[in-house]
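Numbering (our numbering), first residue to last: 67 to 143.
The structure under discussion appears below in the form of structure tokens.
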């Protein structure tokens with residue numbers, strides 16, 4: 067599996083985030099997880115980075131999906 071994580075910081079505190087996401091993929095499936103708020107404020111935001119919450123949700127999704135999918139290797143040139 068290959069993947070990428072990401073976050074966007076709030077404009078009022080760089081330790082808080084608007085969005086957290088994880089994208090993971092194999093040759094057979096893509097799993098995308100996003101957590102966030104359409105509009106953030108000092109009362110609506112996420113703590114930490116994508117490792118804080120989005121990765122936990124992603125791991126739960128992947129644990130349910132990947133056993134149902136053909137296991138394949140990425141081709142190497």
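Beta carbons are placed, not taken as given, at the ideal position from N, Cα and C, and that holds for glycine.
Nothing here was measured: the structure is a model prediction, and the numbers come from that model.
Assuming residue 82 and residue 111 are in contact, meaning their beta carbons sit under 8 Å apart, how far apart are those beta carbons, in whole angstroms?
Taking the Cβ atoms as the reference, residue 82 lies roughly 4 Å from residue 111, within the contact range of under 8 Å.
Residue of 121, 123, 91, 84 minimising C-alpha distance to residue 165:
Residue 165 cannot be examined here, being either before or after the span of the chain that is shown, 67 to 143.
May I ask you to report which of helix, strand or coil DSSP gives residue 115?
coil
Specify whether the stretch 130-139 and the stretch 99-110 touch according to this definition: at least 3 beta carbon pairs, one from each stretch, less than 8 Å apart.
no
Please classify residue 128: is it buried, with 16 or more other beta-carbons within 10 angstroms of its beta-carbon, or exposed?
Buried, because 16 or more other Cβ atoms sit within 10 Å of the Cβ of residue 128.
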